[in-house]
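Take the sequence shown: its position 256, counted from the start at 1, is 256 in full-length UniProt numbering, and no numbers get skipped. Using N, Cα and C, we set each Cβ at its ideal position, and we do this for glycine too.
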Amino acid sequence: MRAYRQAIRFDRCSMVAQGGRTWHKGMAEAKQRMKVTVLGSGDAFGSGGRYSTCLHVAASDGAVMLLDCGATAMLALQRAGIDRNTVSAILLTHFHADHVGGLPFFLLDALFESRRKAPLTIAGPKGVEEWIARVTDTAFPGFGTNSFPFPIHYVEVTPETVTEVAGHQVTAFPMDHDQRAGPCQGYRLARDGRVFAYSGDTRWTESLVPLAAGADALLIECYTYDKPLKNHLDWMSLAARLPDLAARRIVLTHMGPQMLANQDKATLECAFDGMVIEV
1 MRAYRQAIRF DRCSMVAQGG RTWHKGMAEA KQRMKVTVLG SGDAFGSGGR YSTCLHVAAS
61 DGAVMLLDCG ATAMLALQRA GIDRNTVSAI LLTHFHADHV GGLPFFLLDA LFESRRKAPL
121 TIAGPKGVEE WIARVTDTAF PGFGTNSFPF PIHYVEVTPE TVTEVAGHQV TAFPMDHDQR
181 AGPCQGYRLA RDGRVFAYSG DTRWTESLVP LAAGADALLI ECYTYDKPLK NHLDWMSLAA
241 RLPDLAARRI VLTHMGPQML ANQDKATLEC AFDGMVIEV
């Protein structure tokens, strides 16, 4: 399967790509249970002009959550024309800025621009509340999360149990990335018999096998093409283990300069900003 080359407008597009075909939006919505919009598919350096990691996950009943909220998340949300008040939860894989750096700006927007009133759930690895307090205070000193006029609920998602977040049954899997950024996790989101899996950042780890098993779609990082790194996956290492990843569809993301220059050589789809994955 070749990497996608079909251009898709980011701003409120009325068409989505699925399985190499183009569907009218109404046709897709009639079949979907989860729609994942890749608001940001880039790395920490904005390689290729891409936004940092942020996924918009919408269920057919209207429930919306963000999966990671990287430094450029507010730019991507604004460009896509998304009402930030529709987001009921933000689920974080780890605490590097390209995955969580947009959260202080999301909260600032909620206070001064979006005028949020509804509760917000912030979920993530163990210690998420302390990490978010630290991130917020670093971005805007003295601006604590307890000063907001809407409730913020913190939920720790650990590999020991299944946790409900925004109506999704979330299962965490430990990833091998950088323990200085807190526990690093990948997630399976299950809803109405459908499963979306996301690796977050990681090198190869055997936890990827159960993460992918039986998933309708797996979004997995692939930072380099043939240059092994201690904290990230490269295509050659991933390709050698593809038979072990039993997801129905696999899409590559978080690509750095070397992988972007060689994505035509990959036998899987490559994500891009604005890509829509129907689950």
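Judged by their CB atoms, C184 and T163 are not nearer to each other than the 8 Å cut-off.
Under the DSSP assignment, D109 falls in the alpha helix (DSSP H) whose first and last residues are L103 to F112. Rounded to whole angstroms, P159 and G186 show a C-alpha spacing of 10 Å. Distance from the CA atom of G124 to the CA atom of R79, rounded to whole angstroms, is 26 Å. Annotation: the continuous alpha helix (DSSP H) that includes D98 extends over A97 to V100.
The beta strand (DSSP E) runs lying completely inside the region 119-179 and spanning 3 residues or more are 120-124, 152-156, 162-165 and 168-174, given in chain order.
The three-state secondary structure of R116, taken from DSSP, is coil. Assigned with DSSP and collapsed to three states, G200 falls in coil, not helix or strand.
Taking C-beta atoms under 8 Å as the contact rule, P257 and S47 qualify, at a distance of about 5 Å.
For R191, the enclosing beta strand (DSSP E) covers residues Q185 to R191. Put simply, the region 62-71 touches the region 94-106. At least three CB pairs are less than 8 Å apart. One alpha carbon belongs to V100, the other to L92, and they sit about 7 Å apart.
Around the C-beta of E269, 16 or more other C-beta atoms lie within 10 Å, and the residue is accordingly described as buried. Note that the C-beta distance between E221 and L211 is not below 8 Å.
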